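Quick mapping for you: the protein sequence lines, in order, are chains S and D.
Adding 558 to a residue's 1-based position in the first sequence gives its number in our numbering.
Adding 558 to a residue's 1-based position in the second sequence gives its number in our numbering.
Notes for the one structure printed next.
2 protein chains.
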Amino acid sequence: MKSLFLLVLGNTEISTVPGISVAGATPELTKLTPPADAEYLFHEKPLIIDAIPVTPEGHPTPAIITKAARELAAFPILVVRGGTYLAPLVPHVHISDSIGRDFRRGPALPEFGEIIKRARLFGEELNKTPVEELVIGESTPGGTTTAQAVLWAMGYDARTSSASPENPQSLKEKVIGEGFKRAGIDRGELRDNPLEALRQFGDPMMATVIGVSLGFRKKVVLAGGTQMLAVSAILMALGEDLSRFMIATTRWVVKDRSATFLETAKEIGVVTYAADLDFSKSEFKGLRDYERGYVKEGVGAGGATWLAVKAGFSPGEVSEKVEELYRRLMEMKAS
Amino acid sequence: MKSLFLLVLGNTEISTVPGISVAGATPELTKLTPPADAEYLFHEKPLIIDAIPVTPEGHPTPAIITKAARELAAFPILVVRGGTYLAPLVPHVHISDSIGRDFRRGPALPEFGEIIKRARLFGEELNKTPVEELVIGESTPGGTTTAQAVLWAMGYDARTSSASPENPQSLKEKVIGEGFKRAGIDRGELRDNPLEALRQFGDPMMATVIGVSLGFRKKVVLAGGTQMLAVSAILMALGEDLSRFMIATTRWVVKDRSATFLETAKEIGVVTYAADLDFSKSEFKGLRDYERGYVKEGVGAGGATWLAVKAGFSPGEVSEKVEELYRRLMEMKAS
Numbered sequence: 559m560k561s562l563f564l565l566v567l568g569n570t571e572i573s574t575v576p577g578i579s580v581a582g583a584t585p586e587l588t589k590l591t592p593p594a595d596a597e598y599l600f601h602e603k604p605l606i607i608d609a610i611p612v613t614p615e616g617h618p619t620p621a622i623i624t625k626a627a628r629e630l631a632a633f634p635i636l637v638v639r640g641g642t643y644l645a646p647l648v649p650h651v652h653i654s655d656s657i658g659r660d661f662r663r664g665p666a667l668p669e670f671g672e673i674i675k676r677a678r679l680f681g682e683e684l685n686k687t688p689v690e691e692l693v694i695g696e697s698t699p700g701g702t703t704t705a706q707a708v709l710w711a712m713g714y715d716a717r718t719s720s721a722s723p724e725n726p727q728s729l730k731e732k733v734i735g736e737g738f739k740r741a742g743i744d745r746g747e748l749r750d751n752p753l754e755a756l757r758q759f760g761d762p763m764m765a766t767v768i769g770v771s772l773g774f775r776k777k778v779v780l781a782g783g784t785q786m787l788a789v790s791a792i793l794m795a796l797g798e799d800l801s802r803f804m805i806a807t808t809r810w811v812v813k814d815r816s817a818t819f820l821e822t823a824k825e826i827g828v829v830t831y832a833a834d835l836d837f838s839k840s841e842f843k844g845l846r847d848y849e850r851g852y853v854k855e856g857v858g859a860g861g862a863t864w865l866a867v868k869a870g871f872s873p874g875e876v877s878e879k880v881e882e883l884y885r886r887l888m889e890m891k892a893s
Numbered sequence: 559m560k561s562l563f564l565l566v567l568g569n570t571e572i573s574t575v576p577g578i579s580v581a582g583a584t585p586e587l588t589k590l591t592p593p594a595d596a597e598y599l600f601h602e603k604p605l606i607i608d609a610i611p612v613t614p615e616g617h618p619t620p621a622i623i624t625k626a627a628r629e630l631a632a633f634p635i636l637v638v639r640g641g642t643y644l645a646p647l648v649p650h651v652h653i654s655d656s657i658g659r660d661f662r663r664g665p666a667l668p669e670f671g672e673i674i675k676r677a678r679l680f681g682e683e684l685n686k687t688p689v690e691e692l693v694i695g696e697s698t699p700g701g702t703t704t705a706q707a708v709l710w711a712m713g714y715d716a717r718t719s720s721a722s723p724e725n726p727q728s729l730k731e732k733v734i735g736e737g738f739k740r741a742g743i744d745r746g747e748l749r750d751n752p753l754e755a756l757r758q759f760g761d762p763m764m765a766t767v768i769g770v771s772l773g774f775r776k777k778v779v780l781a782g783g784t785q786m787l788a789v790s791a792i793l794m795a796l797g798e799d800l801s802r803f804m805i806a807t808t809r810w811v812v813k814d815r816s817a818t819f820l821e822t823a824k825e826i827g828v829v830t831y832a833a834d835l836d837f838s839k840s841e842f843k844g845l846r847d848y849e850r851g852y853v854k855e856g857v858g859a860g861g862a863t864w865l866a867v868k869a870g871f872s873p874g875e876v877s878e879k880v881e882e883l884y885r886r887l888m889e890m891k892a893s
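Quick look at the structure:
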């Protein structure tokens with residue numbers, strides 16, 4: 559396989575704002591979601607905590623899709639710690655332990671320069687290997703809010719998606735408004751200063767993906783939903799030719815009417831792929847609810863499915879493998 | 559390039575025994591040598607400290623050879639933190655922060671199992687990429703003593719090399735004797751229990767290289783001197799077919815009469831390569847002294863030279879590039 563899957567982990571304090579993220583059973587538990595997602599890809603269960611990340615209502619992490627696609631297509635994965643509270647207990651590339659700060663109180667990521675520099679060095683090394691394509695997924699609770707803040711600062715009239723069927727847009731917008739007030743900027747004011755948008759409102763996942771993408775000069779698949787729009791927008795504003803980039807996500811993100819995925823992707827000028835996963839016939843409510851707008855994307859689920867499809871598997875086979883993995887989790891829980 | 563160079567960093571408390579290691583200007587500074595070596599490969603100078611690692615008499619780290627070979631052949635490098643006091647300030651794969659303990663007082667590496675497991679997972683992922691060959695170097699002050707202890711425990715009548723022209727063999731043997739007494743074992747007693755030898759007397763570099771080598775199933779070049787004999791001996795005892803392995807070192811190790819490199823390699827049954835570097839005509843005493851038995855090997859210098867030779871450069875060109883890099887360091891120091 560000429561493709562390498564990177565899973566970039568990031569935390570931001572924004573995920574602990576009550577109601578803003580469902581990428582964890584409680585706001586506090588969102589801090590553990592990135593390492594737990596990474597660990598679950600390599601083991602039967604996470605190591606740092608005894609259960610996979612779930613929403614407050616119990617919907618399983620999209621890591622289960624990535625794990626399913628990987629079990630089918632056997633693509634290589636490297637975990638990258640862009641900046642998290644805790645290190646995952648699996649081998650991982652260390653970039654930083656800087657988390658994104660609450661941008662209502664101060665700049666989110668004063669360390670963006672160092673993170674980009676290190677991630678770029680890593681990307682440059684990967685560029686010298688025979689790997690032809692990076693597929694870069696992420697696990698970043700609260701990341702759709704930081705993404706929307708960055709997009710707004712850069713003048714995009716974008717709404718990002720959410721892991722909840724009721725996208726907390728008004729809460730996101732309130733928080734972003736407070737951040738803009740604190741920073742003393744208006745929407746669009748950082749159009750020509752993407753790194754300042756990143757410093758003020760971003761998160762370490764974004765900085766890491768940007769750095770790796772600048773260092774690696776071959777094909778890059780940004781495996782995520784609306785968060786990867788912010789990454790693409792920054793890369794374009796930095797002068798990168800987006801023709802070597804693609805965003806791979808799921809159809810659940812694309813059909814989310816509370817967000818502007820396709821419109822904003824078109825505005826930025828980046829091509830997209832949407833994995834045609836379908837959990838409507840699952841025997842488990844936790845998975846069927848994906849069809850009702852829960853979870854939608856994350857941990858590079860769309861990009862992982864894309865790799866499985868390239869390897870000759872159908873989205874239906876990925877869905878079946880997800881079902882099998884979820885059954886295994888339920889049996890472990892029951893035993 | 560189908561080869562990937564890994565630089566595995568390890569520390570052991572043994573390096574702070576006065577007189578046992580010259581991989582640092584003082585015993586205390588040997589703690590910083592692994593991260594400083596790694597950083598120097600990517601930057602003009604290390605970051606964690608303002609100068610490259612040197613022996614107490616000022617001889618430069620063999621990282622300068624690795625850096626020279628890399629500047630010529632442009633092979634990719636990933637730094638791997640097997641277990642060190644401090645993390646290098648460059649991107650690196652985190653395996654552990656467990657250092658090897660002084661084996662005179664207790665088992666050296668109770669964490670060997672976890673380190674091997676994680677390193678193996680990393681090796682398995684690399685195995686799925688199109689990389690065809692791993693060249694694994696190391697930076698581990700004090701590592702020739704832990705290597706000799708492991709080899710003795712496994713019944714090899716080996717003497718490891720040293721970065722000093724006066725190999726402190728009697729001190730090494732005294733320290734090893736105390737370790738054997740503490741553990742209550744005789745030479746050769748752990749012949750059939752290589753992992754116990756590793757646990758009692760090894761270091762995290764060894765455990766990491768073993769784990770990676772078990773996970774990666776293609777060609778592996780162990781880039782080091784007598785320390786890689788201990789790694790090879792353990793791999794063989796674990797049932798690995800050594801035909802996919804080679805040890806690449808320098809001619810300074812091979813011609814070291816105080817050590818038994820070729821004899822022990824033959825006994826283990828692993829093929830060797832010796833880089834034909836020659837610093838005798840250097841304008842710098844620090845480099846000319848390599849010909850008098852200082853430094854000899856480390857940071858995968860022999861394996862890096864081998865990669866440069868495979869890419870069409872001569873050992874003479876590598877030596878010239880070393881001269882150029884050293885001149886640059888001297889100019890920076892003077893300015």
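All C-beta atoms in this analysis are idealised placements derived from N, C-alpha and C, irrespective of residue type, glycine included.
Quick caveat, the model's predicted, so the values are computed rather than measured.
query                                                                                                                                                                                     : result
Taking 8 Å as the threshold (beta carbon to beta carbon), is H617 of chain S in contact with chain D?                                                                                     : no
State the beta-bridge partners of K777 of chain S as determined by DSSP.                                                                                                                  : S:E691
Taking 8 Å as the CB-CB cut-off, is A632 of chain S touching chain D?                                                                                                                     : yes
In or out: M890 of chain D buried (at least 16 other Cβ within 10 Å) or exposed?                                                                                                          : exposed
Taking 8 Å as the CB-CB cut-off, is T574 of chain S touching chain D?                                                                                                                     : no
Beta-carbon of E683 of chain D versus every beta-carbon of chain S: anything under 8 Å?                                                                                                   : yes
Quick one: Cα of D715 of chain S to Cα of G746 of chain S, how far?                                                                                                                       : 9 Å
Nearest-angstrom Cα distance between D834 of chain D and P873 of chain D?                                                                                                                 : 6 Å
Indicate whether at least one CB of chain D lies closer than 8 Å to the CB of T687 of chain S.                                                                                            : yes
Is S573 of chain S closer than 8 Å to G700 of chain S when the C-beta atoms are compared?                                                                                                 : yes
Please state whether the Cβ-Cβ distance between F661 of chain D and A707 of chain D is less than 8 Å.                                                                                     : yes
Counting only Cβ pairs nearer than 9 Å, list the residues of chain D close to M559 of chain S.                                                                                            : K686, T687 and P688
Can the beta-carbon of P611 of chain D be found less than 8 Å from the beta-carbon of T591 of chain D?                                                                                    : yes
Using beta carbons (cut-off 8 Å, strictly below), is I653 of chain D in contact with chain S?                                                                                             : yes
Would you check if the distance between the CB atom of L562 of chain D and the CB atom of L636 of chain D is smaller than 8 Å?                                                            : yes
So the candidates are S:R757, S:A795, S:S893 and S:K560; which of them puts its Cα closest to the Cα of E672 of chain S?                                                                  : S:R757
With 9 Å as the limit, tell me which residues of the region 722-738 of chain D have their beta carbon closer than that to any beta carbon of chain S; keep them in chain order.           : none
If you check the beta carbons only, do A721 of chain S and V857 of chain S fall under 8 Å apart?                                                                                          : no
May I ask you to verify whether the region 857-868 of chain D touches the region 774-782 of chain D, counting CB pairs closer than 8 Å and requiring at least 3?                          : yes
Helix, strand or coil, according to DSSP, for I792 of chain D in the structure here?                                                                                                      : helix
Taking contact to mean at least 3 C-beta pairs separated by less than 8 Å, is the region 728-748 of chain S in contact with the region 605-619 of chain S?                                : no
Taking Cβ-Cβ distances shorter than 8 Å, what residues in chain D pair up with F600 of chain S?                                                                                           : L679
Just checking my contact of G844 of chain S with P618 of chain S at CB under 8 Å: how many whole Å lie between their CB atoms?                                                            : 5 Å
Can you tell which of S:Y831, S:L793, S:M804 and S:G713 has its C-alpha closest to the C-alpha of W810 of chain S?                                                                        : S:Y831
My understanding is that K560 of chain D touches P688 of chain S, with C-beta atoms under 8 Å, so please give their C-beta distance in whole angstroms.                                   : 6 Å
Taking only the alpha-carbon atoms, compute the straight-line gap between R815 of chain S and E849 of chain S and give it to the nearest angstrom.                                        : 13 Å
What residues of chain S sit near I635 of chain D, judged by a beta carbon separation below 9 Å?                                                                                          : E683 and K686
Cα-Cα, which of D:A788, D:T808 and D:A817 is closest to D836 of chain D?                                                                                                                  : D:T808
For E696 of chain D, write down the residues that DSSP places opposite it in a beta bridge.                                                                                               : D:V566
Kindly say whether L564 of chain D, judged by its beta-carbon, lies nearer than 8 Å to any beta-carbon of chain S.                                                                        : no
Is the CB of R676 of chain S under 8 Å away from at least one CB in chain D?                                                                                                              : yes
So, is E584 of chain S buried or exposed, given that buried needs 16 or more other C-beta atoms within 10 angstroms?                                                                      : First, the residue type needs correcting, since residue 584 of chain S is Thr and not Glu in the sequence shown. Under this definition T584 of chain S is an exposed residue.
Is there a C-beta anywhere in chain A that falls below 8 Å from the one on V648 of chain D?                                                                                               : Although the question refers to chain A, the structure presented lacks it and instead comprises the protein chains S and D.
Say whether the region 874-885 of chain S touches the region 636-652 of chain S, bearing in mind that this needs 3 or more beta-carbon pairs closer than 8 Å, one atom from each stretch. : no
In the DSSP assignment, find the unbroken beta strand (DSSP E) run with F803 of chain S in it and report its ends.                                                                        : F803 to T808
Please tell me whether P762 of chain S and I694 of chain S are closer than 8 Å, where the distance is taken between their beta carbons.                                                   : no
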